[in-house]
Amino acid sequence: MNILFLTHAFNSLTQRLFVELRQRGHKVSIEYDINDRVTIEAVEQYQPDLIIAPYLRRAIPEQIWKNHTCLIVHPGPVGDRGPSSLDWAVLEGKEEWGVTILQADAEMDAGAIWASNNFSMRLAAKGSLYRQEVMEAAVKGVLEAVENKPTPRALTDMNGWRDLMKQDVRSVDWDNDVTATVLRKIRAADGFPGVRDNILGLDCFLFDAHEEKSLKGESGEVIAQKNGAICVGTTDGAVWITHLKERREGEKTFKLPAVNVLGDQLSNVPVVEQSSWQDIWYERQGEVGYLHFPFYNGAMSTDQCQRLLEAYKQAASRDTKVLVLMGGSDFWSNGIHLNTIEMAESPADESWQNINAMDDLCRAIITTENQLTVAAMNGNAGAGGVFLGLCADKVLGREGIILNPHYKNMGNLFGSEYWTYVLPRRAGQEASETIMGNRLPLGCVEAKEKGLLDEVFDGKFISQVENFAQNLAQSGDYSSLLADKKSQRQVDEAEKPLEQYRKEELERMKLNFYGFDPSYHVARYNFVFKIPHSRTPLHLALHR
């Protein structure tokens with residue numbers, strides 16, 4: 148079947164559906180929803196059998212939905228309607244929610260229902276729910292609609308409309324809201340638009356909140372800072388807020404670690420080492436160590452890379468047999484931190500420092516001799532984050548995650564993280580060149596076929612990772628596996644030193660950062676400031 152995606156952006160859900168449908172033999176082309184004229188032109192050119200809208204911010208033109216079957220992915224159960232569906236569900240603490248696949252019609256979210264699937268809600272941010280439960284329910288629903296072609300049923304209850312959630316509903320009442328309420332409000336605005344507030348006199352939006360269980364202070368006051376985050380007191384405790392976005396009238400701004408936004412205004416706020424919230428932690432189970440680093444959106448700044456490297460060195464110095472790199476549940480890693488780079492006085496210099504900090508971390512993993520290392524990808528990974536994982540001896544993936552092992556979309560960035568070493572040793576030289584050139588996401592099935600993943604686990608991923616790691620540590624072949632690893636590293640080093648791979652990669656990166664071609668800097672600026680696309684990239688728009 149020829150399927151056209153109409154979407155605001157090639158986001159995580161769109162990528163997952165793209166992978167799933169292509170894997171089943173469908174031809175999928177994509178058109179960014181820029182304006183009616185462009186959308187109508189795309190439909191005329193492609194003449195699709197079916198149109199799917201995984202992520203739209205406005206209505207499909209009447210000329211299209213009247214003449215073509217158009218399916219909308221709505222992140223709400225049957226009867227729910229409106230643009231802030233998941234926001235309301237998180238804010239109101241719904242125990243169950245769902246995803247409905249419905250046909251586009253004259254009235255928004257009121258068309259015939261093709262499929263619906265419900266799920267239990269976690270106490271989590273909107274973005275996390277979207278990337279996990281919503282995505283799985285959406286994929287199931289779209290596949291039901293496409294593969295089974297059910298008889299659509301009319302929506303009978305038209306009273307489920309909820310208006311766009313506004314800031315007066317989202318705002319935190321620091322004098323009265325308990326910690327659980329503060330968390331729900333900030334989590335309901337995760338990703339976009341954030342919760343508008345005033346912190347130390349600064350008009351800003353709050354993102355990514357976590358409960359603090361030991362520190363307490365005056366409600367609404369910043370009582371501590373740590374690892375780029377600030378701790379704010381509540382009526383019954385405190386919350387950590389990792390990111391802020393300054394609000395400036397008439398100006399575009401972007402999210403940054405809270406400490407970077409507040410700067411000198413935090414001069415009297417104490418820095419704490421001990422707290423219940425951490426962005427890096429280590430735990431041990433018998434002969435296996437687990438290193439967690441759930442960085443916000445998977446971005447890794449220079450400081451985060453350096454702190455993670457120190458944590459890795461400490462973990463690698465323990466007497467365990469296996470060291471598992473856990474990343475986070477939403478993202479494994481997405482490589483260098485483009486927002487902190489954009490903020491820097493010299494983005495080129497900060498890019499250089501950030502990529503070198505990533506390379507230092509990668510080298511430490513590659514050269515670990517006393518343990519077997521495992522990358523457990525429970526969340527999506529992109530660019531340098533993929534190759535950070537490939538530095539490990541074994542790479543495990545949760546069924547459904549998406550890998551984007553390429554850099555070209557960021558202004559033809561060449562990339563580093565020793566990818567010219569770790570990718571060919573798994574996929575071969577020819578396949579590596581294809582992977583790096585095609586700019587398309589890889590699902591788990593294809594990633595395993597190409598050698599990027601060793602195992603794909605479904606169901607209870609964490610318990611399966613733990614079983615894998617424990618079995619590896621207790622394996623009768625453990626000693627020979629470790630010896631083979633050391634031997635292969637010596638052979639590889641003699642053939643071409645790691646330092647040479649790094650030198651060659653960084654020579655290309657230096658041209659990206661400091662050369663005459665500004666493509667990387669332009670692409671980074673557009674990404675950070677969320678500048679809308681003026682056209683759909685040709686590698687996605689097959690019809691063009």
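Residue 426 in the numbering used here sits at position 279 of the sequence shown, and the numbers go up by one each step. Ideal Cβ positions, reconstructed from N, Cα and C, are used throughout, including at glycine.
Whole-angstrom distance between residue j and residue i, CA atom to CA atom
{"i": "ASP477", "j": "ALA284", "result": "16 angstroms"}
{"i": "ARG309", "j": "GLY229", "result": "5 angstroms"}
{"i": "GLN453", "j": "TYR459", "result": "10 angstroms"}
{"i": "PRO224", "j": "PHE266", "result": "9 angstroms"}
{"i": "ASP196", "j": "ILE150", "result": "6 angstroms"}
{"i": "GLY226", "j": "ASP234", "result": "16 angstroms"}
{"i": "LEU665", "j": "PHE674", "result": "It is Pro, not Leu, that sits at residue 665 in the sequence shown. Using only the alpha carbons, I get a separation of about 14 angstroms."}
{"i": "GLU596", "j": "MET473", "result": "22 angstroms"}
{"i": "ALA253", "j": "LYS213", "result": "9 angstroms"}
{"i": "ARG395", "j": "VAL408", "result": "12 angstroms"}
{"i": "ARG331", "j": "ALA356", "result": "9 angstroms"}
{"i": "GLU441", "j": "HIS215", "result": "The question names Glu, yet the displayed sequence has Pro at residue 441. Distance between the alpha carbons of PRO441 and HIS215: 42 angstroms."}
{"i": "MET148", "j": "ARG163", "result": "18 angstroms"}
{"i": "ALA462", "j": "PHE608", "result": "22 angstroms"}
{"i": "ASN527", "j": "THR298", "result": "34 angstroms"}
{"i": "ASN551", "j": "GLU492", "result": "29 angstroms"}
{"i": "LEU302", "j": "HIS221", "result": "13 angstroms"}
{"i": "LEU249", "j": "ASP426", "result": "39 angstroms"}
{"i": "HIS680", "j": "HIS155", "result": "9 angstroms"}
{"i": "ILE377", "j": "SER423", "result": "13 angstroms"}
{"i": "ALA95", "j": "TYR667", "result": "An answer regarding residue 95 cannot be provided, because it is not within the stretch 148 to 691 covered by the chain."}
{"i": "LEU311", "j": "VAL237", "result": "14 angstroms"}
{"i": "GLN621", "j": "SER159", "result": "37 angstroms"}
{"i": "TRP321", "j": "GLU359", "result": "15 angstroms"}
Delimiting residues of the alpha helix (DSSP H) encompassing residue i
{"i": "PHE615", "result": "608-621"}
{"i": "TRP244", "result": "No alpha helix (DSSP H) contains TRP244, which is instead part of the beta strand (DSSP E) from 243-250."}
{"i": "GLY397", "result": "Where GLY397 is concerned, there is no enclosing alpha helix (DSSP H), given that its DSSP letter is neither H nor E."}
{"i": "PHE660", "result": "645-661"}
{"i": "ALA699", "result": "Since the displayed the chain opens at 148 and closes at 691, residue 699 lies outside it and no answer follows."}
{"i": "GLU254", "result": "Segment: none, GLU254 is in no alpha helix (DSSP H) and carries neither H nor E."}
{"i": "GLU593", "result": "591-596"}
Beta-ladder partner(s) of residue i, from DSSP
{"i": "ALA376", "result": "LYS373"}
{"i": "ASP344", "result": "CYS351"}
{"i": "HIS439", "result": "TRP428 and GLY474"}
{"i": "PRO404", "result": "HIS390"}
{"i": "SER267", "result": "GLU243"}
{"i": "SER681", "result": "In DSSP, SER681 forms no bridge with anything."}
{"i": "MET447", "result": "ILE483"}
{"i": "ALA262", "result": "ILE248"}
{"i": "TRP308", "result": "ARG228"}
{"i": "HIS357", "result": "TRP387"}
{"i": "GLU434", "result": "Answer by DSSP bridge pairing: none, since GLU434 is not bridged."}
{"i": "TYR179", "result": "THR154"}
{"i": "TYR202", "result": "THR154"}
{"i": "ARG300", "result": "ILE260"}
{"i": "VAL418", "result": "GLN372"}
{"i": "SER366", "result": "GLY380"}
Terminal residues of the beta strand (DSSP E) in which residue i lies
{"i": "ASN673", "result": "From DSSP, ASN673 is part of no beta strand (DSSP E) but of the alpha helix (DSSP H) over 666-675."}
{"i": "ALA277", "result": "Residue identity check: residue 277 is Tyr in the sequence provided, not Ala. Element bounds for TYR277: n/a, residue is neither H nor E."}
{"i": "PHE339", "result": "Looking at the DSSP string, PHE339 is not in any beta strand (DSSP E), and its letter there is neither H nor E."}
{"i": "THR154", "result": "149-154"}
{"i": "SER700", "result": "Nothing about residue 700 can be reported from this structure: the residues present for the chain run from 148 to 691 only."}
{"i": "GLU602", "result": "602-604"}
{"i": "ILE219", "result": "217-221"}
Minimum Cβ-Cβ distance from residue i to chain C less than 8 angstroms
{"i": "LYS213", "result": "The structure shown contains no chain C, having only a single protein chain."}
Meets three-Cβ-pair contact criterion under 8 angstroms: the stretch 480-496 and the stretch 442-450: Between the stretch 480-496 and the stretch 442-450, the count of C-beta pairs closer than 8 angstroms reaches three or more; the two stretches touch.
Secondary structure, beta strand (DSSP E): runs of 3+ residues fully inside the stretch 451-501: Those beta strand (DSSP E) runs which fall completely within the stretch 451-501 and span 3+ residues are 469-474 and 478-480.
Complete runs of the alpha helix (DSSP H) confined to the stretch 503-575 [at least 4 residues]: 531-537, 566-569 and 571-574, all fully within the stretch 503-575.
Inter-stretch contact at 8 angstroms, needing at least 3 Cβ pairs: the stretch 511-529 / the stretch 538-553: Short answer: they touch.
Three-pair Cβ contact test at 8 angstroms for the stretch 357-373 versus the stretch 383-398: Put simply, the stretch 357-373 touches the stretch 383-398. At least three CB pairs are less than 8 angstroms apart.
contact_flag[the stretch 655-662, the stretch 554-564] where n(CB pairs < 8 angstroms) is 3 or more: Yes, they touch.
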